[in-house]
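Written below as structure tokens is the structure these notes are about.
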Amino acid sequence: MMGLHFTLVLCSMNKYQLTCTHMKLSHQHNKPSRFFTDRVFRGGVRASALLVIMTFLALISTLIYRAAPILYTPEVTFTKLAPQQAVTMLTDNPPALSTMQPHNEHLENVRLMSNRFELSHHDNQIVVRQLKTDFKISFPVDGELMEWQISQQPNVFYVQIRQQENESHILQIKRIQLLSHPKTGLAFQEDLLFKQAYQSIPPLAVVGENDIHNIIHVVYSLDGQKHYLMLNSVTLEPLNHQRIEGLPKEVNLSEVTVTFYRNKLVLHHDQFVVLGEFSALHSAITIAELFSPQQYVGYYDAEYLWQTNPSLDFQDRKYNIMPLLIGSAKASLLALLVAIPLALGSAIYVGYFAPRVIQRTLKPMIEVLEAIPSVAIGLIAAIWLVPLTEAALLSFLLFIVLLPVMLLSAHGVFLLAKWFGLKHIFVSMELGLQVFLILALVWFCFEGISGPLNDMLLVFAIDTISLDKSTLVVAVALGIAISPTIFSLAEDALSGVSNSMIKAAAALGATRLQTLQYVLLPAAAPGIIAAVMIGLGRAFGETMIVLMVTGNTPIAQWDIFAGLRALSANLVIELPEANQMNSHMTVLFVTALLLFLFTFVLNSVAELIKYRYTKSLRGLYD
1329 MMGLHFTLVL CSMNKYQLTC THMKLSHQHN KPSRFFTDRV FRGGVRASAL LVIMTFLALI
1389 STLIYRAAPI LYTPEVTFTK LAPQQAVTML TDNPPALSTM QPHNEHLENV RLMSNRFELS
1449 HHDNQIVVRQ LKTDFKISFP VDGELMEWQI SQQPNVFYVQ IRQQENESHI LQIKRIQLLS
1509 HPKTGLAFQE DLLFKQAYQS IPPLAVVGEN DIHNIIHVVY SLDGQKHYLM LNSVTLEPLN
1569 HQRIEGLPKE VNLSEVTVTF YRNKLVLHHD QFVVLGEFSA LHSAITIAEL FSPQQYVGYY
1629 DAEYLWQTNP SLDFQDRKYN IMPLLIGSAK ASLLALLVAI PLALGSAIYV GYFAPRVIQR
1689 TLKPMIEVLE AIPSVAIGLI AAIWLVPLTE AALLSFLLFI VLLPVMLLSA HGVFLLAKWF
1749 GLKHIFVSME LGLQVFLILA LVWFCFEGIS GPLNDMLLVF AIDTISLDKS TLVVAVALGI
1809 AISPTIFSLA EDALSGVSNS MIKAAAALGA TRLQTLQYVL LPAAAPGIIA AVMIGLGRAF
1869 GETMIVLMVT GNTPIAQWDI FAGLRALSAN LVIELPEANQ MNSHMTVLFV TALLLFLFTF
1929 VLNSVAELIK YRYTKSLRGL YD
């Protein structure tokens, strides 16, 4: 009776305390100071949310603003100046200009590219002789050769050909590329740049190049009017075509020196100077150049290439993004193949099968791996995993294949032991056996049979595959890096399933495996899908691991033994060296915008899938 009386007293005291606390909170809520504090707190939270949204919009706006110039059309504004004014304007930046003056050397030999080739014109044919080997190649000129002009790009020159059709004449400007053919020794490729019909006065054209922006400039005279044409030197797409204001009709174009300097086109005459100033010059980079295979100067076939620092002067800069996209996609998808079995298997075991003691131990241990910096994982992969893969590739592949087999075999042994009636078997014993088998497998693959496997690799595949800096290595390192993220989110999704659903399935006679298959996984599917999507997004945007392990070679191949360069790693490599004055910076912002769009679309799709699964499951379990 004393204990019962004491219990009733405690309950009365607790009830009195709760009542007093409620009255105290109600009293404080009615105070003017408390009302003011709540208002201030609410306003601060609203301001914080607004600041986050504004920062996000500012980031998007900056990316779009810096990447948008490729959608614009370049324009030129011409201004006629006196020679004294032109000297004043160009004093700060004296034009060490590449001249675009045409060469009228029809019958003379012309040396090209440090005396490697000799060009000559005979009987409407252009003859090219390689000076070192004395090998000759000739190709006909379909019409009358009017002018030719040697380009500043290696092994490239321009020809102007006049044809007659009925009563009119046609002017064609072609770009001729000399190629070193592996069988014949020398070959050529021609591209049509310009074609114009005229009636009376034969036009005269001057061709110039701007290697910084991959632009071909054509200035020509037609019926006394001077015209300007801008072409993309890679795709040969016309970018701008307009009349030149300020040049009188009586002035012959052969008397004008045409040069290009930065964002200015300079037409110099003894009496005056005409300056053409460009706007939106970065838009010389087109969508086709970024995403389509192109026939670059010196290449036989159209290819996907990224090369912003050409090895030779005046060589086309190659701004094709496809090698970077393929590299990012290849690394992230292969990383998912490594991460999904590890992360989801661990999440299912910890969230459903493991006892409480093991669950409380393993979950924080796995989640703390997410705090490891990616640069540390990249460093370990670069100094340990890369040499290991290079020295024992087949051993490494055999270890990956046999590892799940050994773990499942250990679990099968313990299931058989329980089936035969051995009751004194604990989960810790199974875990100990699995650890022992893993260590034994490591010794077997990398010590026991590593010698014969390496001999097989040297015999059959040493000439076909690259063993270091391969995608296989970065897939393993990146998969391990994103596994804790997928595990944490997937385990939370599995643990969030109502326990009453699991008990109901058990009451209906379902086994644990059937409960997992038909109840737990469908209910946790939205969270699991979101976890995989977030893991893919992190793998796609990962920087340091792919920067340190892959070799950073922009190769447009899906070969797992070839190197790669990711979009994110490319930004880190080239952004510090990019010049604000050329198109390189614009293309880098385009790649940054692509990274943002991929992440945005990926998260949007994940949220949509999560919403639809959640909606369907509500109708199923309500």
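Everything in the sequence shown is counted per the working numbering, starting at 1329 for the first residue and increasing by one.
Here a beta-carbon is modelled for each residue, glycine too, at the ideal position from N, C-alpha and C.
Heavy atom of the ligand FMN within 7 Å of Arg1645 beta-carbon: Ligands displayed in this structure: none; no statement on the ligand FMN is therefore possible.
Classification of Leu1936 by the beta-carbon crowding that lies within 10 angstroms, buried from 16 upward: Exposed: under 16 other Cβ atoms inside 10 Å.
Outcome for Pro1701 when other beta-carbon atoms lying within 10 angstroms are tallied against a minimum of 16: exposed
Bridge partner(s) assigned by DSSP for Trp1634: Tyr1647
Three-pair Cβ contact test at 8 Å for the stretch 1895-1904 versus the stretch 1831-1841: no
Spatial neighbours of Phe1522 in its chain, beta-carbon cut-off 6 Å, leaving aside the 5 residues before and after: Ile1501 and Val1546
Same chain, Cβ closer than 7 Å to Ile1883, five either side skipped, listed in chain order: Take Ile1883, set aside five residues on each side of it, and the residues of its chain with a beta-carbon closer than 7 Å to its own are Pro1651, Ala1890, Gly1891 and Leu1892, in chain order.
Simplified DSSP state of Pro1955, which is helix, strand or coil: Any question about residue 1955 goes unanswered here, given that the chain covers just 1329 to 1950.
Burial state of Ile1728 (16 or more Cβ within 10 Å): So Ile1728 ends up on the exposed side.
Beta-carbon contacts of Thr1419 that lie in its chain and below 6 Å, excluding the five residues immediately before and after: The predicted model places Thr1419 with a pLDDT of 48, which falls under 50 and marks its position as unreliable; any figure quoted below should be read in that light. Take Thr1419, set aside five residues on each side of it, and no residue of its chain has a beta-carbon closer than 6 Å to its own.
DSSP three-state assignment for Gln1500, whether helix, strand or coil: strand
Bridge-paired residues (DSSP) for Gly1490: The sequence as given places Arg at residue 1490; Gly does not occur at that position. Residue pairing by DSSP places Arg1490 opposite Glu1472 and Leu1499 in a beta bridge.
Residues near Leu1581 in its chain [Cβ-Cβ closer than 6 Å; skip 5 each side]: Leu1532 and Ser1549
Outcome for Glu1775 when other beta-carbon atoms lying within 10 angstroms are tallied against a minimum of 16: exposed
Length of the line joining the Cα atoms of Leu1633 and Ile1649: Going by the C-alpha atoms only, they are around 8 Å apart.
Three-state secondary structure assigned by DSSP to Gly1879: strand
Ala1894 to Leu1761 span [Cα, whole Å]: Near 40 Å, if we compare the C-alpha coordinates of Leu1761 and Ala1894.
Cβ-Cβ separation, Ile1676 to Leu1841 (assumed contact under 8 Å), whole Å: Contact between Leu1841 and Ile1676 is ruled out by a C-beta separation of about 11 Å, above the 8 Å threshold.
For Phe1917, the nearest candidate out of Leu1903, Leu1930 and Phe1926 (CA to CA): Leu1903
Cβ contact (3+ pairs, closer than 8 Å) linking the stretch 1815-1822 and the stretch 1847-1855: yes
N-terminal and C-terminal residue of the alpha helix (DSSP H) that Ile1543 is part of: Here Ile1543 belongs to no alpha helix (DSSP H); instead the beta strand (DSSP E) covers Ile1543 to Leu1550.
Secondary structure of Lys1831, DSSP reduced to three states: helix
Three CB pairs or more closer than 8 Å across the stretch 1403-1410 and the stretch 1588-1606: Taking 8 Å as the limit for Cβ pairs, the verdict is that the stretch 1588-1606 does touch the stretch 1403-1410.
Under the three-state DSSP convention, the category Asp1519 falls into: strand
Residues sharing a beta bridge with Pro1566, DSSP: Leu1559
Ser1656, buried or exposed, once every other Cβ within 10 Å from all chains shown has been counted against 16: buried
Backbone CA spacing between Glu1537 and Val1666 [nearest angstrom]: 49 Å
Ala1852 - DSSP class collapsed to helix/strand/coil: helix
Per-residue DSSP class, three states only, for Arg1374: If DSSP states are grouped into helix, strand and coil, Arg1374 belongs with the helices.
Chain-order list of residues whose beta-carbon lies under 8 Å from that of Ile1814 (same chain, five-residue window excluded): Ala1667, Ile1668, Ala1671, Leu1672, Ala1675, Ala1859, Val1860, Ile1862 and Gly1863
Residues bridged to Ser1811 [DSSP beta-bridge criterion]: Answer by DSSP bridge pairing: none, since Ser1811 is not bridged.
Check whether Leu1759 and Leu1731 have beta carbons under 8 Å apart: no
Simplified DSSP state of Leu1903, which is helix, strand or coil: coil
Distance CB(Glu1605)-CB(Asn1591) smaller than 8 Å: yes
Helix, strand or coil at Glu1578 according to DSSP, with G and I counted as helix: The answer is coil: DSSP assigns Glu1578 none of H, G, I, E or B.
Beta-carbon proximity of Asp1519 to Leu1564, cut-off 8 Å: yes
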